[in-house]
Amino acid sequence: MDGNLLTGGIPASIGELGNLKELSLEENMLSGEIPPSLGGLSNLSKLSLGGTCWRGGFPQTLEEILSLTSLSLHLDLSGNYLIGSLLPEIGKLKNLNTLNLSRNRLSGEIPSSIGDCQVLEFLLLESNLFQGVIPWELSKLKGIQELDLSRNRLSGEVPEFLEGLSLRRLNLSYNSLEGEVPRGGIFENGSATSLVGNEGLCGGNPGMLLRPCRQRRRSVVIKVAVPIGVVLFVVMMTASLFAYCWKKKRSSGQKPLPSHLGEISYGELHRSTDGFSPDNIIGRGAHGCVYRGKLGKRRVPVAVKVLDLGSVDAARSFMAECEALWQVRHRNLVKTMGSFSGADFQATSSRPWFMSSCQRLLSIAVDVAYAIEYLHQCIDIPIIHRDLKPRNVLLDDEMTARVSDFGLARFLSSGSSHCTTRSIGLKGTIGYVAPESATVGSLSTGTDVYSFGILLLEMFTGKRPTDPIFLEGLTLRSFVVEGLPHQVMAIADPQLIHRRSSRNLMIHCLISVFKLGLLCSEESRKDRPKIGDVVKALTLTRDAVLCSQSFLGNHERRVEIEIQR
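Just so you know, full-length UniProt numbering puts the end of the sequence shown at 565, numbered straight through with nothing missing.
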């Protein structure tokens, strides 16, 4: 009975089906309690309630379900709104093959009793709020094939016992793990292991591209030497760049670039991008191009930014980008590798979301909004990106969006939402830059909010702000305004409309997104919302779509409330 948009609760009479072996109600809109009679299905081997948008904590009767020793295939409660702790009774399912509780709001520690499910092959707990360390009792799962604990709040070290398990896939990404990464077992296979988003990790096999582990020293000398070393590095980099630029101007021939910069050689970068082939260009800016490449024997995906040293502002842009990237650490921002800005990304088009579904576009938009919120509100010295556009949004292997290119970034005073600038003229990309950016002394966080609004409109219309159709006063904003609310399907990207989705759901999703995009791109920065309010509004829309629920009035009112200041 999957995907039928069934509403209401599960009838108690279902417990009378004593011979029932499999029950699957995925992708419906169920509510209420799980009937106690379900615990009497002694022959039930498979229970799947994934994506039913069940809200609240574990129902009281779930304890009876967890005592169903007949469950030998799988238990799937993923994609719901389950909150609270995972019951220790989970360990009673000793014959269970698959446990999927991903994409909920479960918190607390992972119960050690899971180790009693010793025939478990697939344990999927990603995208929850689990805390604490990875329990050593998981070492009892000798037949485990896939372990996914990503996107939680786990801390501590990566356990060495994971080396000895028969894992084929391990995902521990986006937690708060730290310390040295083991090298044996599953960790020998870089393509089957994901550890991104754990900034405290070090060591591991070379293909993981983690920083080397260092011995801890308590000497005061380290506290003095590190800042001095950073300052010297910046000075040397600046001097080297200007020296090379001067040499290039004096020489009519082409000189080879320095063989090494940081820990990555120029030769490696040249090979990884097929000789900086034009076919590998994924972005262009005022000071150079960004190429996609595959680095090293493991063919790790990277983005390589190459500066045009003939540009007067290239060195200044490079130092601004380095300074900004050294300050930030977030899963929706690119990470740095040595002296290069690198991201584990997929770039199949100049628009990374090309041919994506409405659900996928919303997830990408939320990721970008989270990144901007982090820059504006979550670090000691806020940063204005100033060049938010499609080419600066890259996707990793898990289709998580990451914002890149900080060449125009500016720092704000702590606690301030705006700053002054002496530069005159437009800084940024035409079509995405806020109107006030063309004047002196007008930089603010609202600059990025404007760019995000235009980006949002482009994502869902499929039209760039510089599209040839926008002539004689017609702009992307006015194009969207004319289509709201009755012609919303006419202005939407045809690729979205042709996908299999509920028409009503699509219409209300588009209306909400377009209204938000227009609000963010208001001409006056005083009329634009804060990025934190934008995140809340987009998250509401995304969650409603993920749960296959029609917004129909109530949702739209909630979104409008969230973006009111």
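Ideal Cβ positions, reconstructed from N, Cα and C, are used throughout, including at glycine.
Cβ-based burial, residue 390 [other Cβ within 10 Å; buried from 16]: buried
How do the segment 362 to 375 and the segment 395 to 406 stand: do at least 3 beta-carbon pairs fall below 8 Å, yes or no? yes
Starting from residue 203, follow its DSSP beta bridges and name the residues at the other end. 181
Would you list the residues sitting across from residue 146 in a DSSP beta bridge? 122, 169
Output the distance between the C-alpha atoms of residue 151 and residue 474, rounded to the nearest integer angstrom. 43 Å
Local Cβ density within 10 Å of residue 373, reported as buried at 16 or more and exposed below that: buried
Mind checking who residue 105 pairs with in its DSSP beta bridge? 83
Proximal residues to residue 43 (C-beta, below 8 Å), its chain only, five neighbours per side dropped: 18, 19, 20, 21, 70
Considering residue 130, what are the terminal residues of the beta strand (DSSP E) in which it resides? 129 to 132
Going by C-alpha to C-alpha distance, which of 542, 117, 159 sits closest to residue 141? 117
For the beta strand (DSSP E) containing residue 98, list its first residue and its last residue. 98 to 100
Rounded to whole angstroms, what's the CA-CA distance from residue 461 to residue 394? Just pull it up for me. 19 Å
Can you name the residues that DSSP bridges to residue 292? 303
Tell me which residue opens and which closes the beta strand (DSSP E) that residue 486 is part of. Neither: residue 486 is in no beta strand (DSSP E) and is coded neither H nor E.
From the DSSP secondary-structure annotation, give me the bridge partner or partners of residue 402. 394
Taking C-beta to C-beta, are residue 107 and residue 129 nearer than 8 Å? yes
Thinking C-beta only, is residue 520 closer than 8 Å to residue 450? yes
Here's a check: name, in chain order, each residue in its chain whose Cβ is nearer than 8 Å to the Cβ of residue 155, leaving out the five neighbours to either side. 131, 132, 133, 175, 176, 177, 178
Straight-line CA distance for residue 508 to residue 209? 43 Å
In chain order, what residues of the same chain have a beta carbon less than 6 Å from the beta carbon of residue 47, not counting five sequence neighbours either side? 23, 75
Residue 371, buried or exposed, once every other Cβ within 10 Å from all chains shown has been counted against 16: buried
Below 8 Å on the Cβ atoms is my contact criterion, and I expect residue 463 with residue 471 to pass it. Report the Cβ-Cβ distance as a whole number of Å. Contact doesn't hold; Cβ gap of about 13 Å is too wide.
Using three-state DSSP, classify residue 156 as helix, strand or coil. strand
Do you know offhand how far residue 516's Cα is from residue 459's? 13 Å
Does the Cβ of residue 368 have 16 or more other Cβ atoms within 10 Å, making it buried, or fewer, making it exposed? buried
Determine which residues share a DSSP beta bridge with residue 191 and list them. Answer is none; residue 191 lacks a bridge partner.
Quick check: what's the CA-CA separation for residue 194 versus residue 188? 12 Å
Residue from 465, 85, 513 with nearest C-alpha to residue 538: 513
Does the Cβ-Cβ distance between residue 510 and residue 545 come in under 8 Å? no
Of the listed residues 299, 280, 199, 213, nearest to residue 290 (C-alpha basis): 280
If you draw a straight line from the C-alpha of residue 534 to the C-alpha of residue 541, how long is it? 11 Å
My understanding is that residue 532 touches residue 377, with C-beta atoms under 8 Å, so please give their C-beta distance in whole angstroms. 6 Å
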